[in-house]
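Which chain is which? The protein sequence lines are A and B, in order.
Residue 132 in numbering that gives the first Met the number 0 is what sits at position 133 of the first sequence, and the numbering runs on without skipping anything.
Residue 149 in numbering that gives the first Met the number 0 is what sits at position 150 of the second sequence, and the numbering runs on without skipping anything.
Idealized CB from N, CA, C, for every residue including glycine.
Structure first, commentary second.
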Amino acid sequence: MTNNAIGYVLKTADKKVVSNIEGNNMETGILSTLIKNCTLTGKIKADFLVFEVDEGYIPVVFQDFPLDTLVILDFFRDQLDRNGEVETLILKINEFLKTYNNNLILNSDDPNVSRLGKANPDNKNIYYFSVDRYKYATKEQKEAGEGKFCPFCKTRLEYEYYQYSHIGKFKCPNCDYGNNPIYKLATNVDLNSRTFDVDNITYKIRFNSIYNIYNLTAVIACTSLYNIDTDIVKNALSKFVLNNGRLEEVNIKGVPTIINLAKNPTGSNVSLRILNEDDDEKELLFVLNDNIADGFDVSWIWDIDFSNLNNVSRIITSGKRAYDIAIRIKTSGFDANKIEPYLNLHDAVQNLYKTNIKKYIIANYTALQPTRKELKL
Amino acid sequence: MEEKFLNILYLYPDMLELYGDYGNIQVLKYRLEKRGFKVNIASYSIGDEEPNFKDFDIIFAGGGADQEQSILSEDLLKYKNKIKEAIDDGVFFLLICGAYQLFGKYYKGVDGNIIPGLDIFPYYTESISDRKKRCIGNIVLNVNLNDKETKVIGFENHGGQTYDIDTPFGTVLFGNGNKFGDSVEGFFLKNVIATYLHGPLLSKNPELTDYIIKYSLDRKYNENTILKPLDDSFENLCREQLLNRFLNSNSPS
Chain A
0 MTNNAIGYVL KTADKKVVSN IEGNNMETGI LSTLIKNCTL TGKIKADFLV FEVDEGYIPV
60 VFQDFPLDTL VILDFFRDQL DRNGEVETLI LKINEFLKTY NNNLILNSDD PNVSRLGKAN
120 PDNKNIYYFS VDRYKYATKE QKEAGEGKFC PFCKTRLEYE YYQYSHIGKF KCPNCDYGNN
180 PIYKLATNVD LNSRTFDVDN ITYKIRFNSI YNIYNLTAVI ACTSLYNIDT DIVKNALSKF
240 VLNNGRLEEV NIKGVPTIIN LAKNPTGSNV SLRILNEDDD EKELLFVLND NIADGFDVSW
300 IWDIDFSNLN NVSRIITSGK RAYDIAIRIK TSGFDANKIE PYLNLHDAVQ NLYKTNIKKY
360 IIANYTALQP TRKELKL
Chain B
0 MEEKFLNILY LYPDMLELYG DYGNIQVLKY RLEKRGFKVN IASYSIGDEE PNFKDFDIIF
60 AGGGADQEQS ILSEDLLKYK NKIKEAIDDG VFFLLICGAY QLFGKYYKGV DGNIIPGLDI
120 FPYYTESISD RKKRCIGNIV LNVNLNDKET KVIGFENHGG QTYDIDTPFG TVLFGNGNKF
180 GDSVEGFFLK NVIATYLHGP LLSKNPELTD YIIKYSLDRK YNENTILKPL DDSFENLCRE
240 QLLNRFLNSN SPS
């Protein structure tokens, strides 16, 4: 999402951009993006290369391309089985950053991202972004998250508040870790009117989740380093939408439908937060696959908070792990008689649209495009 | 009649909470409450008042990241004798992954660092020097519960290789087990199941869950509990589908 938004802002500023906007974020996906955009002699004509890079491939990609800015948003237990543990992954990136001297844009509110700013004390190009406390921030952590201990002195971190998961205002009571100079701070976040402020400029956006406020603040920090005019940024962000199943709002046979990709508990919890903030009656379709790109392990669905769903009258599950997610939702207390699992996605979608009640659809990585295709999108 | 109940203690919920292992407690709670039993869940973590281990019927601990294991090993060791007494007393212990390792002699990390275990059980764990090499994937075991064979489905994800197990949890039908390519998995006593299986373990294995529930109720109320059957249609469909996929094909997934 952030990758696409950076590209969109730069394009709005009349720059030529080459980017892997389809989210093929491993080495082969990035290479194929470049091949598609190069001349017969292998030259790429562009002002900017903007890549979403899989966390595990950062060192590989930077070895091949001398990119001059790296933006790191957050670390979640996404595809743990492929990456090993989150900590192993962070250590790998930290090791790479020890010799990295270019721009580094970091989320100051994620203790596991923020710590990377100390990897190379000689790097003078470190820029932290942060989002001020928003309306639904909590004193206690609501959803499972990473990084409970100070990475430097192992003391338990203290949180003034949590925005979502482990993202929030934290500090180490022992060594003062967490006190970063903030380059871009989002304030006055209002999810209803879909607005927030940075440097006294109000940005009107097309998204209504705190997660995306973080992403777009990172976009503002990044494009600011390239001196893109703030009027252009403001204009671009007011139009920027995703039509790829990332909080995509559509009408299917006249039924309002909201589709969101969820690769991990945090993404799913964000989707359910949006669902629960909507009082209308609705039905949920959850499509869960366990293909290589998803990670074979589906135990992360147990970190999703399915309790107290607001006015959900029926849940349909599908994908290769349709039964796993059905068991998970049943165990959370949702009436098993209102859960319908279908391994076959076509059957699932057919049954979903038997009623004209509003739909929410959550699909994981390899489930998303087949689901959109089944919806004729 | 007085309402029957079980007390469950969740150890280090804020540290040993990778891979949705807390789901095991949710499944226990679900299957107990559906049958009219009450469930009290307490938790203990660093800084909390010492729990009275013997007051509990089931004690659960899950897996955590390496970094957090070493922090809590130090804390856990304070309770070695009390925990041993609770085990001897018959309290049921369900230990997953990192917790499994911590109840053995020691865990040797990638850098050769030794994290001491409780040394209550005779096994020990050593990680492989290559961080990238882990036993990762779906796993199916054959497990004997009160002389009845059942298949247990889970997901393993561990770098540690566990040695010196005389009484394994099950034999491996698909997957690795205690070590790469091992024939056995986990550690099993009547009232202790220590295993690498996530999933969470109990989510797809209702017979195993009911074994733990029946054992705990029988012990607490000194009777032969007959558990009311529950509607396990999702679980049964899930098991049929996954067993067919894992055991009847050569595909790695």
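The closest CA to that of PHE154 (chain B), considering only B:CYS96, B:SER44, B:ASP56, B:ASP165, is found on B:CYS96. A distance of 8 Å or more separates the beta carbons of LEU188 (chain B) and ILE138 (chain B). Annotation: PRO340 (chain A) to LEU184 (chain A) spans about 44 Å, alpha carbon to alpha carbon.
For LEU342 (chain A), the neighbours in chain B by C-beta distance under 8 Å run, in chain order, GLN240. For the stretch 262 to 283 of chain A, residues whose beta-carbon sits nearer than 9 Å to a beta-carbon of chain B comprise PRO264. With a threshold of 8 Å between beta carbons, PHE148 (chain A) makes contact with chain B.
By the rule that beta-carbons nearer than 8 Å mark a contact, SER298 (chain A) touches chain B. As a beta-bridge residue in DSSP terms, ILE7 (chain B) pairs with B:ILE40, B:ILE57. With a cutoff of 8 Å on beta-carbon distance, TYR158 (chain A) and PHE169 (chain A) are scored as near each other. Counting every other CB atom within 10 Å of its CB across the protein chains shown gives ILE225 (chain B) a total below 16, marking it as exposed.
Here the C-alpha atom of LYS134 (chain A) lies approximately 26 Å from the C-alpha atom of PHE148 (chain A). One thing to note: ARG371 (chain A) has its Cβ no nearer than 8 Å to the Cβ of GLY253 (chain A).
For GLY167 (chain A), the enclosing beta strand (DSSP E) has its first and last residue at 166 to 170. Shown here, LEU283 (chain A) sits in a strand according to DSSP, grouped into three states. Chain-order list of chain B residues neighbouring ASP293 (chain A): empty, with the shortest C-beta distance near 10 Å, by a criterion of under 9 Å.
For ALA193 (chain B), there are no neighbours in chain A by C-beta distance under 8 Å, as the nearest C-beta there is about 18 Å away. Look at PRO255 (chain A) here: in three-state DSSP terms it is strand. Spatial neighbours of ILE360 (chain A) in its own chain (CB-CB distance under 6 Å, excluding positions within 5 residues in sequence) are listed in chain order as ILE258, LEU284. Three or more beta-carbon pairs separated by less than 8 Å are not found between the stretch 207 to 214 of chain B and the stretch 154 to 164 of chain B, which leaves the two stretches without contact. By the neighbour-count criterion, in which a residue is buried when 16 or more other Cβ atoms sit within 10 angstroms of its Cβ, ILE43 (chain A) is exposed.
Of the other Cβ atoms in all chains shown, fewer than 16 fall within 10 Å of the Cβ of ILE34 (chain A); this residue is therefore exposed. In the same chain as GLY22 (chain B), and ignoring 5 residues on each side of it, the C-beta atoms closer than 6 Å to its own belong to PRO199, SER202, in chain order. In this structure, the beta-carbon distance from TYR161 (chain A) to THR186 (chain A) does not fall below 8 Å. Check the Cα spacing between ASP54 (chain B) and each of B:GLY61, B:ARG34, B:ILE86: the tightest is with B:ILE86.
Beta-carbon to beta-carbon, LEU308 (chain A) and ASN275 (chain A) are separated by about 7 Å, close enough to satisfy the 8 Å threshold.
Assignment of ARG114 (chain A) by DSSP, reduced to helix, strand and coil, places it in the helix class. A Cβ of chain A is located within less than 8 Å of the beta carbon of ILE70 (chain B). Scanning B:ASP20, B:PHE36, B:GLY35, B:PHE52 for the CA closest to the CA of TYR43 (chain B) turns up B:PHE52. The residue from A:LYS337, A:CYS221, A:TYR127, A:THR256 with its alpha-carbon nearest to that of LEU376 (chain A) is A:THR256. At a beta-carbon threshold of 8 Å, the residues of chain B lying near VAL85 (chain A) are ALA64, ordered along the chain.
Residues of the same chain with a CB within less than 8 Å of the CB of ASP198 (chain A), apart from the 5 flanking positions on each side, are LYS183, THR229 in chain order. Where LYS28 (chain B) is concerned, there is no enclosing beta strand (DSSP E), although the alpha helix (DSSP H) around it starts and stops at 22 to 32. Taking a cut-off of 8 Å on C-beta distances, the stretch 56 to 76 of chain B does not touch the stretch 162 to 172 of chain B, as fewer than three cross pairs fall below it.
Counting only runs of 3 or more residues that sit fully inside the stretch 289 to 370 of chain A, the beta strand (DSSP E) segments are 311 to 317, 338 to 341, 357 to 362, in chain order. Rounded to whole angstroms, the separation of the alpha carbons of ASN350 (chain A) and ASP277 (chain A) is 23 Å. For the pair of segments examined, the stretch 140 to 151 of chain B was found not to touch the stretch 102 to 122 of chain B: the number of CB pairs separated by less than 8 Å stays below three.
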